[in-house]
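Following: one structure in structure tokens, then a few remarks.
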Amino acid sequence: MKTFLSSIIFIVFLFPPVLTAQNLVPDPGFEIMQKPPSKDDNGIRCTSNWVNAVLSGGDYYNSVAKSKLLGVGVPRNIFGYQQPHSGNGYAGICIQKDMVEYVETKLTSPLKKGQKYLIEFYICRAEHRLHHVDEFGILFTTKMQWGAEKTGISVKPPLNFVNTNGYKDTKNWTKLSATYIAEGFEAVIILGHFNYDKKKSLKGKAHYYIDDVSIIPVNEETASSNITEQNTFSDSQLKDSIKQIFAPVIGKNVTLKNIFFNSNKSELLPASFEELNKLAEYLEKNDNTFIEINGHTDNTGNEEENKKLSEARAKAVADYLNIRGINKKRIKYFGYGSLKPISTNDTDIGKQQNRRVEFIINKN
Numbered sequence: 569m570k571t572f573l574s575s576i577i578f579i580v581f582l583f584p585p586v587l588t589a590q591n592l593v594p595d596p597g598f599e600i601m602q603k604p605p606s607k608d609d610n611g612i613r614c615t616s617n618w619v620n621a622v623l624s625g626g627d628y629y630n631s632v633a634k635s636k637l638l639g640v641g642v643p644r645n646i647f648g649y650q651q652p653h654s655g656n657g658y659a660g661i662c663i664q665k666d667m668v669e670y671v672e673t674k675l676t677s678p679l680k681k682g683q684k685y686l687i688e689f690y691i692c693r694a695e696h697r698l699h700h701v702d703e704f705g706i707l708f709t710t711k712m713q714w715g716a717e718k719t720g721i722s723v724k725p726p727l728n729f730v731n732t733n734g735y736k737d738t739k740n741w742t743k744l745s746a747t748y749i750a751e752g753f754e755a756v757i758i759l760g761h762f763n764y765d766k767k768k769s770l771k772g773k774a775h776y777y778i779d780d781v782s783i784i785p786v787n788e789e790t791a792s793s794n795i796t797e798q799n800t801f802s803d804s805q806l807k808d809s810i811k812q813i814f815a816p817v818i819g820k821n822v823t824l825k826n827i828f829f830n831s832n833k834s835e836l837l838p839a840s841f842e843e844l845n846k847l848a849e850y851l852e853k854n855d856n857t858f859i860e861i862n863g864h865t866d867n868t869g870n871e872e873e874n875k876k877l878s879e880a881r882a883k884a885v886a887d888y889l890n891i892r893g894i895n896k897k898r899i900k901y902f903g904y905g906s907l908k909p910i911s912t913n914d915t916d917i918g919k920q921q922n923r924r925v926e927f928i929i930n931k932n
């Protein structure tokens with residue numbers, strides 16, 4: 569396999585919208601949960617898309633675990649203090665002589681042979697573990713793997729990030745970035761520290777947080793064909809939107825202007841979380857209210873499919889609010905497809921405006 573490594577950058581980086589739109593990692597920021605992490609279970613299987621690749625599984629931390637006593641919260645947990653790189657959650661893996669953990673996920677679609685991809689993820693060493701490693705990697709497989717290699721997978725991965733000084737930073741997220749030309753079989757990624765060099769032995773105990781994993785096609789043709797369905801707003805419009813989130817008018821439709829999905833998909837992208845967090849905060853402070861969430865599409869394609877997509881997107885917002893602690897009984901959601909346009913469907917701009925998620929807040 570050919571690997572083209574770019575330099576490792578030690579800064580916080582936000583993906584441009586065109587790149588975020590094409591991420592093949594289904595839950596890049598570890599936000600989508602089957603259940604919140606708890607004292608009894610904070611394994612990576614608490615998420616909906618990530619699992620452990622070996623017998624000793626990875627960990628999961630999320631801000632919904634508010635009690636400091638649980639040790640599985642964000643930003644404070646049993647291994648230290650760290651804010652997420654984005655969103656509300658992140659993964660964690662232990663790396664030591666007798667236990668090396670990994671996390672894995674199935675991509676939304678296999679990589680295409682000969683296609684170049686930008687592959688990135690962020691790591692941060694947990695402060696309550698004194699040791700560090702100097703290598704991280706990504707291994708590709710054709711299907712989900714599970715094995716009993718407690719001391720580490722003894723394979724050199726095609727993407728291998730090495731820092732001779734070691735990954736020591738406990739304060740800042742470190743971005744690991746590379747471009748990669750696909751062989752064409754890659755459907756699953758396994759991420760962690762690979763024990764392929766038998767001359768080196770792990771010393772002590774290390775723990776690393778992982779966040780915002782992305783695999784993105786980089787040629788211009790695919791970049792222009794799958795742009796995230798989103799609108800562009802001026803600063804004044806954005807401020808107005810934020811004001812509406814903080815103080816919505818009871819009984820009035822409000823459009824969520826910073827909610828992003830991949831084309832024809834219903835999974836929320838991480839760029840959506842900031843606005844939804846503000847909405848959740850409002851609902852938490854105003855517990856005598858309930859919310860109705862309505863999804864809408866343009867008129868492209870089959871109307872039955874449009875209705876399903878609009879409902880799935882509304883449900884994604886509802887599920888996120890529930891994860892953030894809002895009782896399901898206070899949330900209703902509906903999908904209307906293209907039945908309630910707010911602009912013409914004869915232009916691209918009009919269609920873009922019709923693709924939206926709205927909410928209405930009412931008092932009990």
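Numbering (this note's numbering), first residue to last: 569 to 932. We put the CB at the ideal spot given by N, CA and C, even for glycine. Bear in mind the structure is a predicted one, so any value in this text is a computation, not a measurement.
- The C-beta distance from I661 to G760 rounds to 5 Å, short enough to fall under 8 Å.
- Counting only runs of at least 3 residues, the region 694-737 fully encloses the following beta strand (DSSP E) elements, listed from N- to C-terminal order: 703-709 and 727-730.
- By the Cβ neighbour-count rule, T615 is buried, with 16 or more other Cβ atoms within 10 Å of its own.
- Looking from the CA of N930, the closest CA among D765, N854 and K876 belongs to N854.
- Across the structure, K876 and Y901 are spaced so that their CA atoms are roughly 12 Å apart.
- In its chain, beyond the 5 residues on either side, I861, N862, G863, Y901, F902, G903 and V925 have a beta carbon closer than 8 Å to the beta carbon of A882.
- In the assembly as shown, Q602 is an exposed residue. Its beta-carbon has fewer than 16 other beta-carbons within 10 Å.
- From the listed residues Q651, L679, N656 and D666, the smallest Cα separation to F598 is found for N656.
- The continuous stretches of alpha helix (DSSP H) do not include N620, which lies in the beta strand (DSSP E) extending over residues W618 to N620.
- Of the residues assessed, S722 falls on the exposed side of the cut-off, its CB having fewer than 16 other CB atoms within 10 angstroms.
- Using a Cβ distance threshold of 8 Å, A884 and S831 do not count as a contacting pair.
- As the crow flies, the alpha-carbon of R898 is around 43 Å from that of V668.
- Per DSSP, the unbroken beta strand (DSSP E) holding E672 starts and ends at Y670 to K674.
- Apart from the 5 residues on each side of it in sequence, L851 sits with its Cβ closer than 6 Å to the Cβ of I894 in its chain, given in chain order.
- Per DSSP, the continuous beta strand (DSSP E) segment holding F858 begins and ends at T857 to H864.
- The shortest CA-to-CA distance from N845 to any of E871, G819, K825 and R892 is the one to R892.
- As the crow flies, the alpha-carbon of E849 is around 34 Å from that of Y670.
- N630 carries a strand assignment under DSSP once its states are collapsed to helix, strand and coil.
- The alpha-carbon separation between L770 and R693 amounts to approximately 15 Å.
- Our two residues, I706 and F762, have alpha carbons roughly 9 Å apart in a direct line.
- Within the same chain, Cβ atoms closer than 7 Å to the Cβ of N821 are found at E926 and I928, the five residues on either side in sequence being excluded.
- About 7 Å separates the CB atoms of D627 and A659; that is less than 8 Å, so the two are in contact.
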